[in-house]
Structure formats: C-alpha cells, structure tokens
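Some notes on the structure that comes next.
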C-alpha cells in the first residue's frame with residue numbers, strides 16, 4: 022500500500038502538489054491555531070472561511086477575481102467582529118458566531134440570486150488534488 026502511494030507520487034505531479042500543500046497548510050495552521058486558542062478566538066478560522074462566501078458569490082456575479090471578494094469580505098468580517106466585541110458586553114466567540122451566521126446567510130442568498138450552473142458551495146471546501154503550481158505559492 023505504501024509502495025503504491027510512493028509510485029503515485031512519482032508518476033503524478035498533482036499528487037506531489039497536494040502533498041506539499043497539505044504539509045504546508047498543516048504546519049502553518051498548527052502554529053496559527055495555538056495563538057488563536059490562547060486569545061480565546063477558537064471559532065475565528067471557521068468564521069472567516071465561511072464569511073468569505075458572500076464575497077466569492079458577489080465576485081462571481083460581478084465577474085471579478087474570487088480572491089478580491091474573499092479578501093474584502095474576510096476583512097469586513099474581522100472588523101465587524103472586533104466592533105461587536107469592543108462595543109458590547111458580548112464575548113468574542115459570541116461576536117464571531119453572530120458575524121459568521123450573518124455572512125453565511127448573506128452568501129447563501131447571493132448564491133440563490135446568482136442562479137448559475139456553477140455550484141459555488143464548492144468554494145467553501147475546495148479540492149486539494151486540483152492545486153496547481155502557482156496556487157501553492159499564493
């Protein structure tokens with residue numbers, strides 16, 4: 022079984038890209054995750070990943086790069102979380118949950134408005150086997 026895996030890595034470039042990407046993400050996510058847990062923002066990674074959905078959907082509707090919409094809505098979600106946390110007695114995880122739910126709902130509404138044959142929900146999960154050389158360095 023291991024020999025089949027090694028043979029596959031030698032034969033298929035997309036498997037090499039997937040393995041390198043998985044290792045890099047594992048290292049970075051582990052390091053960043055420690056700091057996020059210590060700051061009491063354990064829900065932040067999930068919230069930001071779902072909060073970019075309306076940005077991706079809006080980018081699709083407008084015909085612009087998905088990355089731009091994702092960055093804008095990710096930053097907007099971070100700002101909104103900070104604003105809610107600092108201007109109320111709500112704890113940070115609750116502020117994250119409020120923002121996460123609101124942005125996810127907005128994303129679902131925008132996907133419904135888009136009425137495309139492309140399933141935009143795949144943006145949430147991705148496909149590590151589809152990682153290209155230029156994607157690894159982004």
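In the numbering used here, the protein residues as written are 22 to 159.
Note that the Cβ used here is the ideal one computed from N, Cα and C, for glycine as well.
None of the values given here were measured: they were computed from a predicted structure.
Contact set for residue 30: own chain, Cβ-Cβ below 8 Å, skip 5 residues either direction: In the chain shown, counting from the first residue as 1, residue 30 sits at position 9. For residue 30, where only same-chain residues beyond five positions count, the Cβ hits under 8 Å are 36, 37 and 40.
9 Å Cβ cutoff met for residue 146 and residue 64: Taking the chain shown and counting its residues from 1, the one referred to as residue 146 is at position 125. Taking the chain shown and counting its residues from 1, the one referred to as residue 64 is at position 43. No, Cβ-Cβ distance for residue 146 and residue 64 is not below 9 Å.
Run of the alpha helix (DSSP H) containing residue 125, from where it starts to where it stops: Translated into the one-based positions of the chain shown, residue 125 becomes position 104. 113-135 is the extent of the alpha helix (DSSP H) around residue 125.
Residue 91 classed as buried or exposed, judged by whether at least 16 other C-beta atoms fall within 10 angstroms: Position 70 of the chain shown, counted from the first residue, corresponds to residue 91. That one is buried.
Residue 79, buried or exposed, once every other Cβ within 10 Å from all chains shown has been counted against 16: Here residue 79 refers to the residue found at position 58 of the chain shown. Buried: at least 16 other Cβ atoms inside 10 Å.
Contacting residues, own chain, Cβ-Cβ under 6 Å from residue 57 (five flanking each side not counted): The residue labelled residue 57 in the question sits at position 36 within the chain shown. Cβ neighbours of residue 57 beyond the five flanking positions: 65.
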